[in-house]
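Participant:
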Amino acid sequence: MLKSVGHNFYTPFLSLFDQLVLGNCVLLVNLRRMRLEKCWFCSSTVYPGHGIQFVRNDAKIFHFCRSKCHKNFKMKRNPRKVKWTKAYRRLHGKDMTQDSTFEFERKRNRPERYDRNLAENTLKAIKKIDKIRSDRASDHIKNRLKTGKVQRQKEARKQLELGIHLVKAPLALAQDSSLCLPKIKDNVSQAQTEENQPMEE
Amino acid sequence: MIQPQTHLNVADNSRARELMCIRVIGASNRRYAHIGDVIVAVIKEAVPNTPLERSEVITAVIISTRKELKRDNGMIIRYDDNAAVVIDQEGNPKGTQIFGAIARELRQLNFTKIVSLAPEVL
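If you read the protein sequences in the order shown, they are chains A and B. Numbering (my numbering) for the first sequence: 34 to 234. Numbering (my numbering) for the second sequence: 8 to 129.
#1: Tell me whether the segment 48-56 of chain B and the segment 72-88 of chain B touch, counting them as touching only if at least three CB pairs, one residue from each stretch, are closer than 8 Å.
#2: Compile a chain-ordered list of the residues in the segment 66-92 of chain A whose CB is closer than 8 Å to at least one CB of chain B.
#3: Could you pull the start and end residues of the alpha helix (DSSP H) that residue 110/B belongs to?
#4: With 8 Å as the threshold, decide whether the Cβ of residue 118/B is near any Cβ in chain A.
#5: In whole angstroms, what is the alpha-carbon distance linking residue 39/B and residue 46/B?
#6: Using a beta-carbon distance below 8 Å, is residue 85/B in contact with chain A?
#7: Quick one: list the residues of chain A neighbouring residue 26/B, beta-carbon separation under 7 Å, in chain order.
#8: I'd like to know if the segment 105-112 of chain A and the segment 69-77 of chain A are in contact, where contact means that at least 3 CB-CB pairs between them fall below 8 Å.
#9: Check the Cβ of residue 127/B against every Cβ in chain A and list those closer than 8 Å, keeping chain order.
#10: Would you list the residues sitting across from residue 157/A in a DSSP beta bridge?
#11: Could you please give the first and the last residue of the uninterrupted alpha helix (DSSP H) stretch that includes residue 106/A?
#12: Thinking just about the alpha-carbon of each residue, which of 86/A, 92/A, 107/A and 108/A is nearest to the one in residue 98/A?
#13: What are the boundary residues of the alpha helix (DSSP H) that residue 205/A is part of?
#14: Does the CB of residue 20/B have a neighbour CB from chain A at under 8 Å?
#15: How is the beta strand (DSSP E) around residue 34/B delimited, first residue to last?
#16: Specify whether the segment 100-109 of chain A and the segment 100-108 of chain B touch according to this definition: at least 3 beta carbon pairs, one from each stretch, less than 8 Å apart.
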C-alpha cells in the first residue's frame, strides 16, 4: 500500500515490500513499519511475523513472543514472579539492571532524516554495543556466582578431610608417611590434582 | 468469528449498548463475520430515551473480535471483546465518537469516516 506523504522524512525500518521513489522532495512511504517489539511477559524481542498482539479494551497493546508467554498472561500470572522471565531476573538481581549500554536501546519516536553514513554507523554500533552489553551481563552473572563457587570448594575440602578414610585406609596412611593428605592450597586446579593422588596409589 | 446470535458491544456513542447479530452480509450462506464485515443486528440494550431503542434492527460493522486477525505481514492481533459500530446504508457511522483502537483493515474497506474518528489505528 503506497501513500504519498508530503514531508521529507524517511522513516527507518521499512518493510520488505516498500518501494522508495527518490523523487524531488516527495517520498512515497509505506506507513506500516516493522518494529522489533519486546514481549510483555518475558522481555525477549518479538521479530516481525512472530507472536500475537493483544489489544485490551483500554487500547493498551501487549506483545507476546510465543504462545507460552501468551498463555501465562491469560492465566493472569505476574511476570515479576515467574522465574524464567527477564522481569523476575532483573528484579531479583540475577541480571544486570543498570548499564550505560541500555541507553542506546531507548525508543525514540522522532524520525531521522535519512543519511547513509548515519545508517551505516548505526549498524556497526549496534553490533559493537550488543557485544559489550552481553559481555558485561555475563560478567555480572559470573561475579554473582563466584561466592558460591568458593563456598562449594571449601566444603569439598572439608569433606575430604573428614572422609579421608574412605579414600585410603588410615593404617596405610599411618604406615607410609609419603601418602599424606594433600596440602590445602587456594588454587582450584592444584587442589584437584593433589586430591587425586591418594586414589591412584 | 461473529455469527447470528452473537452479542457485540457497541464501540461508538450512538446510544446503543449491546447488539445481537442476526445476519452476516455477504453471501447467502455466509457463516462468520470478521473485522470489517457488515452485519445486520438487533439492539438488545440501549441508552434510554434516545432515537435508537431496544429491538430495533440496524446495520453495523465489526471493528474488533476476540478471534485473531491475521495480516499478510504475519502480524496477529487479538482484541479483548467483540465490538461493532452502528452504521447506515452508506457505511457512515451513526455516532460521532469511536472508542478503542481500530484495525487498519477498515480503511482499506472504505470505512474512512470510522477510521478518521478512531482514537488509535493499529
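Even glycine gets a Cβ: it sits at the ideal position worked out from N, Cα and C.
Facilitator: Taking the coordinates as given:
#1: Using a Cβ-Cβ distance cut-off of 8 Å, the segment 48-56 of chain B and the segment 72-88 of chain B are not in contact, since fewer than three pairs of beta carbons, one from each stretch, lie closer than that value.
#2: 67, 81, 82, 83, 84, 85, 86, 87, 88, 89, 90 and 92
#3: Where residue 110/B is concerned, there is no enclosing alpha helix (DSSP H), given that its DSSP letter is neither H nor E.
#4: no
#5: 10 Å
#6: yes
#7: Under the 7 Å cutoff, chain A gives no residues; its nearest Cβ is about 17 Å from residue 26/B.
#8: yes
#9: 92
#10: Residue 157/A has no beta-bridge partner at all, per DSSP.
#11: First-last of the alpha helix (DSSP H) with residue 106/A: 100-107.
#12: 86/A
#13: 203-208
#14: For residue 20/B, the answer is no, since every Cβ of chain A falls outside 8 Å of its Cβ.
#15: First-last for residue 34/B: undefined, no H or E at that position.
#16: no
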